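> Sequential numbering of the sequence shown, starting at 0, is according to numbering that gives the first Met the number 0.
Each residue gets a CB set at the ideal place from its N, CA and C atoms; glycine is no exception.
Computed from a predicted model, the values in this text were never measured in an experiment.
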Amino acid sequence: MDEKKLKIDNQQAAYYVGLMGACGYREKDLRKPLIGIVNSYTDVNPRHKPLKDLAGYVKEGVWTAGGTPGEFNVPAPCDGMSQGVGMHCVLPSRDLIAASIECMARAQGFDGLAFLCSCDKIVPGMLLAAAALDLPCMFLTAGCMVPYEDGEKTYVTLDLKEAIGAYNAEKISAEDLHLFKENICFSCGTCSMYGTANTMGVFSEVIGLTPVGSTTTLFCSAAKVRQARDVGERVVELVRENIRFSDIVTKASIINGLRHVSATGGSTNAQLHVCALANVMGIDFSLKEFDEVQADIPVIAKFKPSSQYNISDYHKAGGVAATLNAIRRHLNLDAKLAAGGTLGEYLDGFHGRVDPKVIHTEQDPLYPNGCYTVLYGNIAPGGCIVKKSGVEPSMFRHTGPAVCFDSEEDLRKYMVGKKIRPGCVLVIRYEGPKGGPGMREMSIPAAMLVGMGLHTSVAMITDGRYSGATRGPCIGHISPEAWDGGPIAAIQDGNMITINLDEKTINVALSDEEIAERLKHVVKPDHPAKGILQAYRNGVSSSDSGALWLYSKAEKEGSGK
0 MDEKKLKIDN QQAAYYVGLM GACGYREKDL RKPLIGIVNS YTDVNPRHKP LKDLAGYVKE
60 GVWTAGGTPG EFNVPAPCDG MSQGVGMHCV LPSRDLIAAS IECMARAQGF DGLAFLCSCD
120 KIVPGMLLAA AALDLPCMFL TAGCMVPYED GEKTYVTLDL KEAIGAYNAE KISAEDLHLF
180 KENICFSCGT CSMYGTANTM GVFSEVIGLT PVGSTTTLFC SAAKVRQARD VGERVVELVR
240 ENIRFSDIVT KASIINGLRH VSATGGSTNA QLHVCALANV MGIDFSLKEF DEVQADIPVI
300 AKFKPSSQYN ISDYHKAGGV AATLNAIRRH LNLDAKLAAG GTLGEYLDGF HGRVDPKVIH
360 TEQDPLYPNG CYTVLYGNIA PGGCIVKKSG VEPSMFRHTG PAVCFDSEED LRKYMVGKKI
420 RPGCVLVIRY EGPKGGPGMR EMSIPAAMLV GMGLHTSVAM ITDGRYSGAT RGPCIGHISP
480 EAWDGGPIAA IQDGNMITIN LDEKTINVAL SDEEIAERLK HVVKPDHPAK GILQAYRNGV
540 SSSDSGALWL YSKAEKEGSG K
C-alpha cells in the first residue's frame with residue numbers, strides 16, 4: 000500500500016477526508032496525486048482575467064492523467080494600475096504571494112502544483128514559492144494582449160504612458176489622449192511589450208518550468224487551451240516520477256534564463272527577481288554576479304519599448320525557441336525541462352521560420368555585449384543598473400547638473416510644470432526598498448520624459464526602480480539607497496553628475512570627504528509607513544541582492560544544483 004493510501008486510510012485522517020468530502024471530493028479522489036492549482040485570477044487585472052477559464056482546462060488535464068485538482072487563489076496587483084495609487088505595496092506583494100502559496104501548499108498537503116500567473120510580481124512571487132516548496136510543478140502564463148491598430152500604427156500599453164507626456168507637452172490633443180485611453184489596452188492578456196511581466200514569463204520558460212511559447216501566445220488562442228491541458232497532465236506525471244522543482248531549476252538553468260533575458264532586451268526588474276530566486280535556492284547571486292553572467296551575451300532581438308516590434312511580432316518571428324536557438328552556444332543545453340527532455344533536445348527539434356528583421360543572428364547582433372549595464376561609482380558603491388539597449392547611443396555618455404527630488408510626487412509636480420531643462424540629471428531618492436518604502440517604479444515620469452521629447456537630453460537616476468516599459472537613460476536600483484545613508488542622499492541641486500555606460504561608471508563631482516560630511520547632516524524626508532509597509536521597511540534587504548523580505552538567503556547545503 001503506497002504512502003498516499005496509508006495517509007488516507009489512517010484513522011487520524013478522518014477529519015481531513017470528511018472536510019474534503021464537504022467540498023465534493025470522494026475518498027478515491029484523495030488517493031490520487033493531489034494537485035494544487037495556484038491561480039492569480041482576478042476581475043480587476045486584464046493580465047489575469049483569462050486565468051479563470053484556463054484553470055478549468057488545467058483541471059481537465061489533471062483529471063485525465065489520474066490526478067485530483069484543487070484550486071486556490073493569490074493576490075495579483077498590477078504595477079501599471081498601481082501608479083499613483085498603491086505602488087508602495089506592489090514589490091512587497093511578491094514576497095507575500097510567495098509566502099501565502101507556501102503556507103497553503105504545506106497546510107493542505109498538495110503533492111504537486113500548477114502555477115497560473117502573469118504580471119510583474121506574480122510570476123517571480125510564484126517562482127520563490129516553488130523554490131521554497133520544492134514540489135513537482137509547472138507554470139502557465141495567460142498569454143499576451145492583442146495590440147491596438149488604428150490603420151497606420153500599432154500601439155501597446157506603454158504608448159498610453161508616453162501619450163500622457165505628449166499631452167503635457169501639448170504635442171497631442173485631449174481628444175487624442177482620450178482615444179488612446181479608450182483603445183490602447185485593447186484586450187485581456189499581458190501587455191504586448193517586453194516589460195517585466197513578459198520578461199519573467201519568458202524566463203520561466205527558459206529555466207524549464209513553462210511550456211516554450213506560453214508567454215508570447217495570444218491569450219485568446221486555441222493554443223492556450225492545449226497548453227493548459229498539457230500542463231495539468233504533466234504535473235501529475237511529474238508527481239509520479241518524483242521530479243521536483245530542484246531537479247529542473249538549477250544554477251545552470253538560471254544562468255540560461257538570465258542570458259536569454261539579456262539577449263532579448265528584458266526588463267531591469269529581472270535583476271531583483273533573478274537574484275531573489277537564486278538566493279532563496281541557496282545560490283549566492285548579487286548584482287555583480289548578475290552582470291558577469293549577462294555582460295558578454297549578444298543582443299539579438301529587441302521589442303517594445305526598445306523597438307517597434309511587439310510581443311505578437313516576436314511570436315510570429317519565431318518566438319522564444321528562435322531566440323534561444325540564436326544564442327544556443329551560450330546556453331547549457333543539458334538543462335532539463337519540466338515538459339520532458341532537455342533544452343538541447345527541444346532546440347534540436349525546432350524548425351520554425353525565423354524573421355531575420357526581428358530576430359538577428361549572433362554574427363549580426365544589435366549589441367555585442369548584453370542589454371544591461373551595471374554601473375559603479377561614488378553615487379552607487381553597491382552598483383546600479385540601466386537597460387542599455389533602450390538608451391539612445393548619444394546618451395551613453397552624459398554630464399549634467401543634478402535636479403534633486405525626495406519623492407516621485409515631487410518629480411511629477413515638477414514635470415507637470417514643464418520646468419525640466421535639457422542636459423540635466425533628475426535625481427529621485429528615498430524611493431528604495433526601505434525609503435519608499437516598497438521601491439516604487441518611476442514608470443510614468445520616465446514615459447512622460449519620452450513623451451516630452453527629453454529622453455535624448457535628460458537622464459534620470461534613482462534608488463527606486465523602473466518599469467520594464469521604460470526606455471531612455473533611466474538608471475535605477477542605486478545601492479546603498481538614500482534611506483540607508485547611501486551617497487545619493489548627499490547630492491544637491493547643481494552638482495555635476497557624469498554617467499558613462501561604456502566605462503560602467505556613475506559619479507558626482509564631489510570628494511569622498513565632502514560626501515561623508517554632507518551625509519552627517521542629511522535629514523530623512525517624511526515617508527510614513529504603517530502596517531505591512533513598516534514591516535517591509537524593517538525587514539527588506541538591499542536591491543543588489545534582490546530586495547528579499549519574507550525570504551532570506553537559503554543555506555547552501557543541499558541546494559543550488
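1) With a cut-off of 8 Å on the beta carbons, I'd call residue 562 and residue 426 a contact; round off their distance for me.
2) For residue 134 and residue 68, what's the separation of their Cα atoms in angstroms?
3) Can you give me the Cβ contacts of residue 88 inside the same chain, cut-off strictly under 8 Å, excluding the 5 residues immediately before and after it?
4) Under the rule that 16 or more other beta-carbon atoms within 10 Å means buried, what is residue 542, buried or exposed?
5) Rounding to the nearest angstrom, what Cα-Cα distance links residue 299 and residue 470 in this structure?
6) Identify whether residue 67 lies in helix, strand or coil by the three-state DSSP scheme.
7) Alpha carbon to alpha carbon, how far is residue 54 from residue 560? Give it in angstroms, no decimals.
8) Is the segment 264 to 279 touching the segment 191 to 201 in the sense that three or more CB pairs, one from each, lie closer than 8 Å?
9) Go through its chain and collect everything with a Cβ distance to residue 317's Cβ below 6 Å, but skip five positions before and after it.
10) Starting from the C-beta of residue 410, find all residues in its chain whose C-beta is less than 7 Å away, skip the five residues before and the five after it, and write them out in chain order.
11) Looking at the structure shown, is residue 324 part of a helix, part of a strand, or coil, going by DSSP?
12) With a Cβ-Cβ cutoff of 7 Å, do residue 164 and residue 112 count as a contact?
13) Pop quiz: residue 478 and residue 381 are said to be a contact at Cβ under 8 Å. What is the actual Cβ separation, rounded to whole angstroms?
14) Judging by CA-CA distance, which residue of 337, 203, 485 and 500 is the nearest neighbour of residue 463?
15) Find the nearest neighbour of residue 518 within the set 202, 482 and 528, judged by alpha-carbon distance.
16) Write down every uninterrupted run of the alpha helix (DSSP H) in the segment 97 to 152 whose length is 4 residues or greater and which is fully enclosed by it, in chain order.
17) According to the Cβ coordinates, are residue 206 and residue 248 closer than 7 Å?
18) I'd like to confirm the pairing. Which residues does DSSP put opposite residue 72 in its beta bridges?
19) So within the segment 357 to 419, which uninterrupted beta strand (DSSP E) runs reach at least 3 residues, ignoring any that extend past its ends?
20) In whole angstroms, give me the CA-to-CA distance for residue 332 and residue 524.
21) Which value, in whole angstroms, describes the spacing of the CA atoms of residue 557 and residue 280?
22) Is it the case that the Cβ atoms of residue 589 and residue 143 are separated by a distance below 7 Å?
23) Count Cβ pairs between the segment 494 to 514 and the segment 362 to 375 that sit closer than 8 Å; are there 3 or more?
24) Just how far apart, CA to CA, sit residue 72 and residue 493?
25) Need the endpoints of the beta strand (DSSP E) that residue 423 sits in, please.
26) Indicate the three-state DSSP secondary structure (helix, strand or coil) for residue 331 in the structure shown.
27) Can you give the beta carbon distance from residue 214 to residue 263, rounded, assuming they're within the 8 Å contact cut?
28) With a threshold of 7 Å between beta-carbons, can residue 69 be considered close to chain B, or not?
29) Of all the options 16, 402, 122 and 417, which has the alpha carbon lying nearest to the alpha carbon of residue 47?
30) Can you grab the Cα-Cα spacing for the pair residue 175 / residue 168, in whole Å?
31) Give me the Cα-Cα distance between residue 152 and residue 237, rounded to the nearest whole angstrom.
32) Excluding sequence positions up to five away, which residues of its chain have a Cβ less than 8 Å from the Cβ of residue 314?
33) Give me the Cα-Cα distance between residue 562 and residue 26, rounded to the nearest whole angstrom.
34) Start and end of the beta strand (DSSP E) containing residue 539?
35) Within 10 angstroms of the Cβ of residue 495, are there 16 or more other Cβ atoms? Answer buried if so, exposed if not.
36) Going residue by residue through the segment 244 to 278, where are the continuous alpha helix (DSSP H) segments of at least 4 residues, counting only ones entirely within it?
By the coordinates alone:
1) Given that the chain is displayed from residue 0 to residue 560, the structure contains no residue 562 and the question cannot be resolved.
2) Within the sequence shown, the letter at position 135 stands for residue 134. Within the sequence shown, the letter at position 69 stands for residue 68. Approximately 15 Å between the Cα atoms of the pair.
3) Locating residue 88 in the sequence shown gives position 89, where the first residue counts as 1. Counting only Cβ-Cβ distances below 8 Å, and skipping sequence neighbours, we find 76, 81, 437, 531 and 532.
4) The residue you call residue 542 lines up with position 543 of the sequence shown. Residue 542 should be labelled buried.
5) Stepping through the sequence shown from its first residue, residue 299 is reached at position 300. Stepping through the sequence shown from its first residue, residue 470 is reached at position 471. Spanning the two alpha carbons is a distance of roughly 18 Å.
6) Within the sequence shown, the letter at position 68 stands for residue 67. The answer is strand: DSSP assigns residue 67 an E or B state.
7) Within the sequence shown, the letter at position 561 stands for residue 560. Within the sequence shown, the letter at position 55 stands for residue 54. Unreliable positioning characterises residue 560 in this predicted model, as indicated by a pLDDT of 46, which lies under 50. A coordinate reading is not provided.
8) yes
9) Stepping through the sequence shown from its first residue, residue 317 is reached at position 318. So the list reads 351, 353 and 358, once near-sequence residues are dropped.
10) As a working mapping, residue 410 is identified with position 411 in the sequence shown. The answer, listed in chain order, is 404, 425, 427 and 444.
11) Residue 324 sits at position 325 when you count from the first residue of the sequence shown. Of the three classes helix, strand and coil, the one that applies to residue 324 here is helix, per DSSP.
12) Taking the sequence shown and counting its residues from 1, the one referred to as residue 164 is at position 165. Taking the sequence shown and counting its residues from 1, the one referred to as residue 112 is at position 113. Contact: no.
13) Taking the first residue of the sequence shown as 1, we reach residue 478 at position 479. Taking the first residue of the sequence shown as 1, we reach residue 381 at position 382. The Cβ separation is near 3 Å, so the contact holds.
14) Residue numbering aside, residue 463 sits at position 464 when the sequence shown is read from its first letter. Nearest option by C-alpha distance: 485.
15) Locating residue 518 in the sequence shown gives position 519, where the first residue counts as 1. Comparing Cα-Cα distances from residue 518 to each of 202, 482 and 528, the minimum goes to 482.
16) 121 to 132
17) Sequence index remark: in the sequence shown, residue 206 carries index 207 (1-based). Sequence index remark: in the sequence shown, residue 248 carries index 249 (1-based). Yes. Within cutoff.
18) For this step, residue 72 is matched to residue 73 along the sequence shown. Per DSSP, 38.
19) 371 to 374, 382 to 386 and 396 to 404
20) Within the sequence shown, the letter at position 333 stands for residue 332. Within the sequence shown, the letter at position 525 stands for residue 524. Near 50 Å, if we compare the C-alpha coordinates of residue 524 and residue 332.
21) Taking the first residue of the sequence shown as position 1, residue 557 is located at position 558. Taking the first residue of the sequence shown as position 1, residue 280 is located at position 281. Because the pLDDT of residue 557 is 44, which lies under 50, any placement of that residue in the model is unreliable, and the number read from its coordinates should be weighed accordingly. Distance between the alpha carbons of residue 557 and residue 280: 9 Å.
22) The chain is shown from 0 up to 560; residue 589 falls before or after that span and cannot be answered.
23) yes
24) Position 73 of the sequence shown, counted from the start, is the residue given in the question as residue 72. Position 494 of the sequence shown, counted from the start, is the residue given in the question as residue 493. Roughly 50 Å between the two C-alpha positions.
25) Residue mapping note: residue 423 aligns to position 424 of the sequence shown, counting from 1. Counting along the chain, residue 423 falls outside any beta strand (DSSP E), and DSSP gives it neither H nor E.
26) On the sequence shown, position 332 is the one that residue 331 refers to. Three-state DSSP puts residue 331 in coil, outside helix and strand.
27) On the sequence shown, position 215 is the one that residue 214 refers to. On the sequence shown, position 264 is the one that residue 263 refers to. Going by Cβ atoms, the distance from residue 214 to residue 263 rounds to 11 Å, so no, they are not a contact pair.
28) You won't find chain B in this structure, because it holds only one protein chain.
29) Your numbering for residue 47 matches position 48 in the sequence shown. When only C-alpha atoms are compared, the closest one is 122.
30) Numbered from 1 along the sequence shown, position 176 holds the residue referred to as residue 175. Numbered from 1 along the sequence shown, position 169 holds the residue referred to as residue 168. Approximately 13 Å between the Cα atoms of the pair.
31) Looking up residue 152 in the sequence shown gives position 153. Looking up residue 237 in the sequence shown gives position 238. One C-alpha to the other measures close to 45 Å.
32) The count along the sequence shown starts at 1 and reaches residue 314 at position 315. Excluding positions up to five away in sequence, the list reads 143, 212, 215, 216 and 217.
33) Here the chain covers residues 0 to 560 and nothing more, so residue 562 does not appear.
34) Against the sequence shown, residue 539 aligns to sequence position 540. Here residue 539 belongs to no beta strand (DSSP E), and DSSP marks it neither H nor E.
35) Mapped onto the sequence shown, residue 495 falls at position 496. Flag for residue 495 reads exposed.
36) 244 to 247 and 250 to 262
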